[in-house]
Each structure stands twice: as structure tokens, then as C-alpha cells.
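In what follows, a structure is listed as C-alpha cells, so that the remarks can point back to it.
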Amino acid sequence: DVAVSSKDGAPMVVIPAGPFFMGVPKWARDGGLDEYPNHEVELDAFAIDTYEVTNGLYLEFIRSTGHRTPSHPTDSSKNLWQGGLMPESIASLPVVNVDWFDADAYCRWAGKRLPSEAEWEKAARGTDDRRFPWGDVEPTHKHLNFNQSWQGEKTLVPVGIYEKGKSPYGVYDMAGNVWEWVADWYDATYYSRSPSRNPQGPSTGTRRVIRSSGWQVETPQVRIFTRVASDPLDRNHSTGFRCAATLPTPTP
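One point on numbering: in the working numbering, the residue at position 115 of the sequence shown is 162, and numbering is uninterrupted.
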């Protein structure tokens, strides 16, 4: 963990500068079309939240800014907050029912930002061609929260409990529990023309990228390189987020 100045005080991990291979591993044959080609990306060093943003942290953001509370737009049975109140029992669970703009507003309030899609993937996989944050061992419930049906707050688990599921950099829950908003617009063909250094995604679009995988997914979607497009206004009970931060440039 590293001390990065932010209002929420959430622990962060520094991901070192350098290259990694993004997309479907060269030896794999089961990727979606939008996950090809495998390509080398060079990133500057950055910091990323060790854990997904929790309801407890999100409550502090609401108290500070007056921002709206998380809520499902059409189905109250998928709400974890009771109106404007946060039950103490969900404080350590990842916040859900937030759209891209909610996530972006929180990260800005905290003095951070949403990670780029490339930053997210490097933080999840490191620099080798692994399939999952923990390596190539098939997923089990010792690695992540997945393959569940909706049972309210019992569906989600507190952030950071899966030691066996950590990424090579020690980032938790980069698979399972909740999908995570990232900064980029979605384009199925972006990898074929992505810049090789610090890609930021397409300049425009209609849908944003979500990464990781939610509590409801089965094994094929748990892979680190899975890409999903989502309406930036979508609020649902399986999508949350974490923040990233640009590191200050060292003075000579």
C-alpha cells in the first residue's frame, strides 16, 4: 500500500511503470472478438485502490457533497440502501447501483480518477500472460465471489477477504463481487489501433467499459481480459468501481 493524498483515505497500491501484454493471451483460443489482438502496452506508474469503493466510503462522499444515494432505477428489491440511509451491515460491501457519472464524481471528490482500461488490466494481471488475477488455476470460491443468485446483501462479500484471489500487485477483487467502471469509452475494435503508450480509449462513444466480473458470472467471464460495454447511465446491483491516481512526477 502507498500513501496517496486523497479525501477518502483508501489504501492504494503503486503499479510500476513499464510494459505488459493486454488482451487475450497469445496461446488462448477462447477470447471474445473485442479482446483481440494481444498487444504490448507501456504505462507510466500509477496508483490504484487496493479495494473496491465500499458503501461506508460512499456515505462519506454523500455527506460531504449531497450527492444522490445509490439506488436501482426500476427495482427496489435490488437496493441495499434504505432510502437515504446506509445500514451498518453493508458498510464494508462494495457500493453498487451507481452509474459511470456517480463513480467519476466520487473519484474526483477523493482527488483521484477512474482508472483507464489499460491501467485496470495491468493492475489485475501483472506482466505475464495469466488468465486470472491469481494465475491460471481455475476459479473457486476460495478465489472470488461468483456464480451467485441475488439474495440482497448476502450476495456480496466485504472487500478484500479473498487472499488467494489477489493480483500480482496485491490488488483485491479484480475478479468477482462486482463489475467495475473504468474511464474508457467502449469500442470493440479499439485494440487494433490502440496507442502503445498510455492508451486512454476512444475519444468518443456511447457506452463505457466495465471490467472485472460480478457476483453472478460463471467461469468463462472471470478472465482478466473480459471486456463489457455498459450504458454510462446504467445503475445496477452488480456494478461498482475503484479509483486510480496519477503519481507526481519525481523532481530531479
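Even glycine gets a Cβ: it sits at the ideal position worked out from N, Cα and C.
Note that the coordinates shown come from a computational prediction; the quantities given were computed from them, not determined experimentally.
- Three or more beta-carbon pairs separated by less than 8 Å link the stretch 157-175 to the stretch 210-219, which places the two stretches in contact.
- DSSP lists PHE93 as the beta-bridge partner residues of THR293.
- As computed with DSSP, HIS86 is found in a beta bridge with MET69.
- CA-to-CA, the gap between ALA230 and LYS189 works out to about 29 Å.
- For ILE109, the enclosing alpha helix (DSSP H) stretches over residues 102-112.
- In the assembly as shown, PRO117 is a buried residue. Its beta-carbon has 16 or more other beta-carbons within 10 Å.
- Under the three-state reduction of DSSP, THR116 is assigned to coil, being neither helix nor strand.
- The distance from the Cβ of TYR238 to that of HIS86 is about 6 Å, consistent with a contact at the 8 Å cut-off.
- Here PHE193 is buried, its C-beta having at least 16 other C-beta atoms within 10 Å.
- Listed in chain order, the non-local C-beta contacts of LEU161 below 7 Å within the same chain comprise ALA150, ASP151, CYS154, TRP228, VAL229, ALA230, PHE288, CYS290 and ALA291, local neighbours out to five positions each way being set aside.
- Within the same chain, and ignoring the five residues on either side of TYR83 in sequence, the residues whose Cβ sits closer than 7 Å to its Cβ are GLY70, VAL71 and TYR238.
- Rounded to whole angstroms, the separation of the alpha carbons of SER163 and PHE68 is 15 Å.
- Ranked by Cα distance from TRP74, the options ARG178, GLN263, LYS125 and ARG244 are led by ARG178.
- Shown here, ILE271 sits in coil according to DSSP, grouped into three states, outside any helix or strand.
- Counting only residues of its own chain and dropping the five nearest sequence neighbours on each side, PRO120 has a CB closer than 7 Å to the CB of ARG282.
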